[in-house]
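The opening position of the sequence shown corresponds to residue 2 in our numbering, with each subsequent residue numbered one higher. Every residue gets a Cβ at the ideal spot worked out from N, C-alpha and C, and that includes glycine. Since we're looking at a predicted model, the values are computed, not measured. Input: a single structure, listed below in structure tokens.
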Amino acid sequence: ENKNRLGLSFGHISNANLGDKNPGVEIISLSYQVPF
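Structure follows, in structure tokens:
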């Protein structure tokens, strides 16, 4: 049985409009897990 895993996640970080500028950042993550 193949127990490998493939994952994809998305996140956003900002300063909650506490400053004059709020460019924020987007993060996309791809992961692959191989148990042993």
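Leaving out the 5 sequence neighbours to the left and right, which residues in its chain are closer than 7 Å to residue 10 when beta-carbon positions are compared? Counting only Cβ-Cβ distances below 7 Å, and skipping sequence neighbours, we find 30.
Where are the beta strand (DSSP E) runs, 3 residues long or more, that stay fully inside the stretch 3-29, in chain order? Entirely contained in the stretch 3-29, the beta strand (DSSP E) runs reaching 3 residues are, in chain order, 6-14.
Using only the alpha-carbon positions, how far apart do residue 33 and residue 8 sit? Here the alpha carbon of residue 33 sits roughly 6 Å from the alpha carbon of residue 8.
Please decide whether residue 17 counts as near chain C, where near means a Cβ-Cβ distance under 8 Å. Any reference to chain C falls outside this structure, which holds one protein chain only.
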